[in-house]
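Q: So for the sequence shown, this note's numbering puts the first residue at 14; every next one is plus one.
I have a structure here, written as structure tokens, and I will follow up with some questions on it.
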Amino acid sequence: MTDGDEVVDQTMLSLAVKGDRRPTTKISNTLEVVTCCCLLLFSHTTFAQQLETKQIDPTNQLVQSPNTKLEAIQASANPPRKFDPPYPYTSDQLKEMLLKVASLENAPKDGTEVLQIFNLPIDEFINIKPKDLSIKEKGFSLSSPNDWYFLMAYRSIEEAKVAHFAFGWLDDPSARRITNFPQPPSGLCIPSEKMTDVLENNGWHLKEKRELDSAPPHKIYLKNDSLALKIYFSRWDNCFLQIDVWWANNDFFKLF
């Protein structure tokens, strides 16, 4: 250490002992400047975040974020449909309606009797035809959820004395036919035994129970040599999935 350095050190020590606060004041001023800069930086960052998340423009006017705009576009492109849930029937009501269709001894001529069972306006629904319906055929085909809440179809060929009814849960509306076996909507599970027990007590005879890898388990019933019925149910919870009813003659049922 040089003599000059020793003099400086002694001077600083002397000032501190005497209570001189000039060095401390200099440090305090420096801290105030640094603190002010930090506050300004934090304020700028917060405002930048507001601009990003709340989309506040410089004029303090709230504008829509890109996500909000996208949600608005999607909502306008996918408005609520007429036949979206809630459903107009309980599981018990649906079960009774389906069993009532199965109890018809004679095939409905054009499907109006089926529509009446489900309390549907005939003039509106009878005109919803499957694309491949021939001139000799009569019936309707309701897809879900564009035409109705569920899939339901009926076809009748009077000359051949063959008719077919089908009912199932939600599916691809473009298919226009029941091609797979979705699970029932929440709250609409119908235990299959609730249907099969009624069928067996009303003249239906179990012909066969099938369990295939390509389809859910199903039972085939016959009645009076003129009626056939096939009911599908889930292998996991035994809920009803689909029902098919045929009105025909004994020769037709040999195909089963």
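Virtual Cβ for every residue (Gly too), placed ideally from N, Cα, C.
(1) Express the C-alpha separation of Gln255 and Phe180 in angstroms, rounding to a whole number.
(2) Does the Cβ of Leu219 have 16 or more other Cβ atoms within 10 Å, making it buried, or fewer, making it exposed?
(3) Taking Tyr162 as the reference, give the member of Phe194, Pro99, Lys142 with the closest Cα.
(4) So, helix, strand or coil for Lys222, using DSSP?
(5) Would you mind sorting Trp249 into buried or exposed? The rule is 16 or more other CB atoms within 10 Å of its CB.
(6) Name the one or two DSSP bridge partners that Glu150 has.
(7) Helix or strand or just coil, what does DSSP make of Ala176?
(8) Helix, strand or coil for Leu112, going by three-state DSSP, please let me know.
(9) Quick one: is Asp105 buried, meaning 16 or more other Cβ sit within 10 Å of its Cβ, or exposed?
(10) Tell me whether Ser56 sits in a helix, a strand or coil according to DSSP, three-state version.
(11) In the structure shown, what three-state DSSP assignment does Gln106 receive?
(12) Do the CB positions of Ile135 and Glu150 come within less than 7 Å of each other?
(13) From this set, His177, Met110, Gly216, which residue's C-alpha is nearest Asn132's C-alpha?
(14) Short check: CB of Ile203 to CB of Lys108, under 7 Å?
A: Reading it off the structure:
(1) 6 Å
(2) exposed
(3) Pro99
(4) strand
(5) exposed
(6) Ile170
(7) strand
(8) helix
(9) exposed
(10) Summary for Ser56: the model assigns pLDDT 43, below 50, so the residue's position carries little reliability; its value from the coordinates is reported in the next sentence. Helix.
(11) helix
(12) no
(13) Met110
(14) yes
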